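Numbering (the numbering used here), first residue to last: 767 to 1094. All residues carry an ideal CB built from backbone N, CA and C; glycine is no exception. All values derive from a computational prediction rather than experimental measurement. Working notes for the structure below.
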């Protein structure tokens, strides 16, 4: 298990009620995040939460070297800062933006160290770590914009293969054929998503958002995302885009199982015959694309493991699904 990180959070210009509410949320987040957040004075903090009214002043002070999250009234226009949070906010919104900041810190502070380690590893290109970090930042931003329920707002990301546009409200992303081909062929380095005024231009092809989460989330397959608990039960709100799964039998089995009812990781692995890497990749892609519903297991459900007859019925359902899809 990875060692728990510790980060110090400071507040600038926020009302006392907001600070108290945030500190209460941090206690909840502590059990869901890989980072332990503690409260300290702004001068000693690793990360700041700054009132939008104080942002300009903060940029002119010694605190400007620290990453900060701008807290702005939800009735006002979103600031153009790298990290923002509308007020009032919920626990998961706070967790999302703090995770984004941590990824940014890891990217800026640890790239040189990781590059030196990679260069000493025979047969591994020295720029491998550098290409994976932008992907992690992009996946974090993709999760944030999809799950922020932003409606019809457009977001854009740049890549060497061209422009990517994401519209969470329509569950679609848009890209030209050359970029789609590059995505299907292997990893593509994307910048984090940001609000965009660019229109969807002629020649850009609409595709399901799950497909983007699946193709760009391959690096998130060693474990569940930090806020997902392994002892939870998981189900899907609806089927993802089957085309992205390339008629994979284990993945289509997962879709069928998880749209029927909530299941634990061990149950999903047993019934779908997926290995850990494939299972984590699928669950994380569903979470990023807003399709996953996770439920903490109660004491009563621990003993409610499905009987053999139930497993038999599930197996029959999957077999019938495979037959209809021509998978044998």
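Buried or exposed, going by whether 16 or more other CB atoms sit within 10 Å of the CB of residue i?
| i | result |
| --- | --- |
| residue 1009 | exposed |
| residue 965 | exposed |
| residue 933 | buried |
| residue 810 | exposed |
| residue 742 | Nothing can be reported for residue 742, as the shown portion of the chain is limited to 767 through 1094. |
| residue 820 | buried |
| residue 1042 | exposed |
| residue 941 | buried |
| residue 958 | buried |
| residue 977 | buried |
| residue 776 | buried |
| residue 971 | exposed |
| residue 1055 | buried |
| residue 1068 | Only weak support exists for where residue 1068 lies, its pLDDT of 42 falling under 50; the value from the coordinates is given anyway. Exposed. |
Can you look up residue i in the DSSP assignment and give me helix, strand or coil?
| i | result |
| --- | --- |
| residue 870 | helix |
| residue 853 | strand |
| residue 784 | helix |
| residue 803 | strand |
| residue 1027 | coil |
| residue 974 | strand |
| residue 941 | strand |
| residue 832 | coil |
| residue 848 | coil |
| residue 932 | strand |
| residue 880 | Confidence in residue 880 is poor, its pLDDT being 38 and thus under 50, which makes the residue's placement unreliable; the coordinate value appears in the next sentence. It is helical. |
| residue 1016 | helix |
| residue 894 | With a pLDDT of 34 at residue 894, under the threshold of 50, the modelled position of that residue is not reliable, and no figure is offered here. |
| residue 819 | coil |
| residue 808 | helix |
| residue 1060 | strand |
| residue 907 | helix |
| residue 1002 | strand |
| residue 1032 | helix |
| residue 1044 | helix |
| residue 954 | coil |
| residue 863 | helix |
| residue 790 | helix |
| residue 840 | coil |
| residue 949 | helix |
| residue 990 | coil |
| residue 963 | coil |
| residue 814 | strand |
| residue 920 | coil |
| residue 778 | strand |
What is the rounded straight-line gap between the Cα of residue i and the Cα of residue j?
| i | j | result |
| --- | --- | --- |
| residue 833 | residue 982 | 26 angstroms |
| residue 1000 | residue 1050 | 11 angstroms |
| residue 877 | residue 869 | With a pLDDT of 40 at residue 877, under the threshold of 50, the modelled position of that residue is not reliable, and no figure is offered here. |
| residue 738 | residue 1036 | Outside the displayed range of the chain (767 to 1094) lies residue 738, so it cannot be described from this structure. |
| residue 787 | residue 856 | 10 angstroms |
| residue 818 | residue 838 | 5 angstroms |
| residue 1059 | residue 858 | 14 angstroms |
| residue 921 | residue 1033 | 37 angstroms |
| residue 807 | residue 844 | 26 angstroms |
| residue 914 | residue 1015 | 32 angstroms |
| residue 824 | residue 866 | 20 angstroms |
| residue 1011 | residue 935 | 22 angstroms |
| residue 954 | residue 779 | 40 angstroms |
| residue 990 | residue 930 | 26 angstroms |
| residue 1006 | residue 849 | 29 angstroms |
| residue 1045 | residue 984 | 11 angstroms |
| residue 906 | residue 842 | 24 angstroms |
| residue 791 | residue 944 | 44 angstroms |
| residue 968 | residue 956 | 21 angstroms |
| residue 1002 | residue 772 | 33 angstroms |
| residue 1048 | residue 924 | 25 angstroms |
| residue 836 | residue 801 | 20 angstroms |
| residue 862 | residue 912 | 12 angstroms |
| residue 795 | residue 993 | 8 angstroms |
| residue 1004 | residue 831 | 44 angstroms |
| residue 840 | residue 784 | 14 angstroms |
| residue 909 | residue 939 | 13 angstroms |
| residue 973 | residue 950 | 12 angstroms |
| residue 789 | residue 946 | 43 angstroms |
Which one of the options has the shortest CA to CA distance from residue i?
| i | options | result |
| --- | --- | --- |
| residue 948 | 958, 836, 927 | 927 |
| residue 774 | 788, 813, 858 | 813 |
| residue 904 | 979, 782, 777 | 979 |
| residue 1028 | 1007, 1062, 1044 | 1062 |
| residue 1025 | 1013, 1031, 1057 | 1057 |
| residue 724 | 937, 1031, 992, 847 | Residue 724 falls outside the range modelled here, since the chain spans only 767 to 1094, and no answer is possible. |
| residue 919 | 946, 960, 951 | 960 |
| residue 987 | 1053, 789, 864 | 1053 |
Does the CB of residue i have a neighbour CB from chain C at under 9 angstroms?
| i | result |
| --- | --- |
| residue 1057 | Looking for chain C here will not work: only one protein chain is present. |
Three CB pairs or more closer than 8 angstroms across the segment 991-1006 and the segment 951-971: no
contact_flag[the segment 1037-1044, the segment 1014-1022] where n(CB pairs < 8 angstroms) is 3 or more: yes
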